[in-house]
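Residue numbers (UniProt numbering): 1 to 328.
The C-beta atom is built at its ideal place from N, Cα and C for all residues, glycine as well.
Nothing here was measured: the structure is a model prediction, and the numbers come from that model.
Taking it in order: structure first as structure tokens, then the write-up.
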Amino acid sequence: MTKQQAKTVLVTGGAGYIGSELVRILLEDQFRVVVLDNLSFGGESLLSFWGNPAFRFIKGDLRNDDDIRTALNGVDYVCHLAAIVGEPPCKKYPVLALEVNWHASVRLYELCEEAGIERFVFASTCSNYGKMAVADALLDETAELNPISLYSETKVNFEKYLLKQRNSTITRTILRFSTVYGISPRPRFDLTVNEFTRDAALGKPLLIYGENFWRPYCHVSDLARSVKIALMADHEKVDGEAFNVGDTSQNYTKKMLAAEIGKAIPSLKVNYHPVVTDPRDYKVNCDKIKNILGFTISKTVPNGITEIASLFREQVISEPMNARYGNI
Ligand code: NAD
1 MTKQQAKTVL VTGGAGYIGS ELVRILLEDQ FRVVVLDNLS FGGESLLSFW GNPAFRFIKG
61 DLRNDDDIRT ALNGVDYVCH LAAIVGEPPC KKYPVLALEV NWHASVRLYE LCEEAGIERF
121 VFASTCSNYG KMAVADALLD ETAELNPISL YSETKVNFEK YLLKQRNSTI TRTILRFSTV
181 YGISPRPRFD LTVNEFTRDA ALGKPLLIYG ENFWRPYCHV SDLARSVKIA LMADHEKVDG
241 EAFNVGDTSQ NYTKKMLAAE IGKAIPSLKV NYHPVVTDPR DYKVNCDKIK NILGFTISKT
301 VPNGITEIAS LFREQVISEP MNARYGNI
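See below:
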């Protein structure tokens with residue numbers, strides 16, 4: 001076991017889609033892991049870790065100082081993933097979104113300082129870029145952030161807060177995740193690749209809005225690995241730095257995604273809707289994380305589509321868990 005791997009990592013939101021995959025790979029790599037999660041939509045993702053002496057679960061809320069203090073007990077590193085995730089839930093529950101994504105996140109950081117935490121990795125999002133200023137530009141981390149939803153506003157504000165903590169003793173790293181796809185211990189089917197592939201595999205025609213808008217994508221296992229790499233990197237390489245995380249070579253429009261799904265599921269039918277409901281339109285460049293941290297993806301979008309399609313075809317999954325924020 002390396003010195004790094006003897007560390008204890010708190011994963012906030014560890015019961016979620018990305019968090020549960022991160023917990024899985026951290027435990028596999030001999031880290032000790034603590035999860036703080038209020039189980040907004042079920043904790044089945046954590047069952048496979050139950051009984052592992054390196055795993056501890058705190059059912060608690062990020063908005064509660066006592067829950068955070070309990071979770072931070074004995075912890076070295078923090079990966080902050082808990083959030084009200086995505087534009088629709090933030091729009092539907094704006095107060096909650098501000099409380100969790102902004103106020104509670106700042107409070108978490110303050111309590112991390114009190115607790116002497118060494119590293120803090122924040123799960124941000126490429127949707128902070130909003131829209132390409134110049135058509136077809138590949139946006140790197142120096143591009144202007146242009147949040148066009150409450151969700152990305154909260155993410156940008158917390159990024160700015162973290163970057164201002166220059167006198168902090170904590171190594172602060174921001175990872176701007178691409179839109180995620182793939183199967184984790186707690187998969188989400190409200191994300192484009194997963195949703196489209198599931199519907200196509202179930203024989204439903206796709207109805208696509210904004211077919212020509214660009215977006216970067218990343219498999220959930222690659223994203224989780226990027227968090228682990230950031231946690232283990234030299235302080236000088238990651239402190240006060242933001243990294244785009246995604247496919248270094250390929251961004252996709254929804255029309256391109258449909259074409260890829262059609263290769264795996266030839267019976268696919270697609271209808272394009274003329275009304276555009278999603279104004280996000282950006283392509284990102286992920287060279288920084290490749291050049292500085294040596295991170296490259298191991299799975300492509302076509303790999304992910306094949307993986308999801310075969311799970312439905314073989315009926316490993318028949319009724320996906322899709323009810324998000326039903327019980328808040
Ligand atoms: P998710 O919704 O599956 O997981 C979030 C977890 O946070 C859930 O388990 C939920 O129960 C927990 N949580 C919510 N509010 C909480 C609170 N008040 N206290 C404690 N726990 C709470 O989301 P995800 O897709 O795994 O996303 C994880 C992180 O990655 C988020 O910060 C998100 O903004 C970011 N991100 C995700 C994507 C994506 O495409 N999925 C893209 C970019 C960034």
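Look at I84: its beta carbon is less than 8 Å from one of the heavy atoms in the ligand NAD.
Between P94 and L150, the gap from beta carbon to beta carbon is short of 9 Å. Judged by DSSP secondary structure, F177 falls within the beta strand (DSSP E) whose first and last residues are T171 to F177. E44 counts as exposed, since fewer than 16 other beta carbons sit within 10 angstroms of its beta carbon.
With a cut-off of 8 Å on Cβ pairs, the region 27 to 43 is in contact with the region 56 to 67, counting three or more such pairs. Per DSSP, the unbroken beta strand (DSSP E) holding A242 starts and ends at E241 to V245. Between the alpha carbons of K164 and L139 lies a gap of roughly 23 Å. Note that the C-beta distance between I18 and L223 is below 9 Å.
With a threshold of 8 Å, the Cβ atom of Y109 does not count as near the ligand NAD, since no heavy atom of the ligand is closer than that. Within the same chain, Cβ atoms closer than 6 Å to the Cβ of L293 are found at I229 and A233, the five residues on either side in sequence being excluded.
Taking C-beta atoms under 8 Å as the contact rule, T248 and D287 qualify, at a distance of about 6 Å. Using a Cβ distance threshold of 9 Å, R186 and A15 count as a contacting pair.
By DSSP's assignment, W214 forms a beta bridge with T253. Selection G246, V75 and A115 evaluated against L10 yields V75 as nearest (Cα-Cα). As far as DSSP is concerned, C90 takes part in no beta bridge. V245 and D136 have their alpha carbons spaced roughly 19 Å apart. Approximately 6 Å separates the beta-carbon atoms of L111 and L72; this is inside 8 Å, confirming the contact. Shown here, Y282 sits in coil according to DSSP, grouped into three states, outside any helix or strand. In this structure, E241 sits away from T169, with a CB-CB distance that is not shorter than 9 Å.
The beta carbon of S127 sits closer than 8 Å to at least one heavy atom of the ligand NAD. For S149, the three-state secondary structure derived from DSSP is coil. Taking the Cα positions, V270 is about 20 Å away from N251.
Inter-residue distance for I117 and T173 is about 13 Å (C-alpha atoms, whole angstroms). By the C-beta density criterion, H80 is buried, having at least 16 other C-beta atoms within 10 angstroms. Secondary structure at T154: helix, using DSSP grouped into helix, strand and coil. Counting along the chain, I183 sits inside no beta strand (DSSP E), nor does DSSP assign it H or E at all. DSSP places R119 inside the beta strand (DSSP E), whose first and last residues are R119 to T125.
Looking at the DSSP output, I58 bridges to L36. Taking C-alpha positions only, K131 is separated from M256 by approximately 19 Å. By alpha-carbon distance to L202, the top candidate from I308, S184 and I25 is I308. Check the Cα spacing between G86 and each of L27, S298, I148 and R56: the tightest is with I148.
In the three-state reduction of the DSSP assignment, T300 falls in the coil class, being assigned neither a helical nor a strand state.
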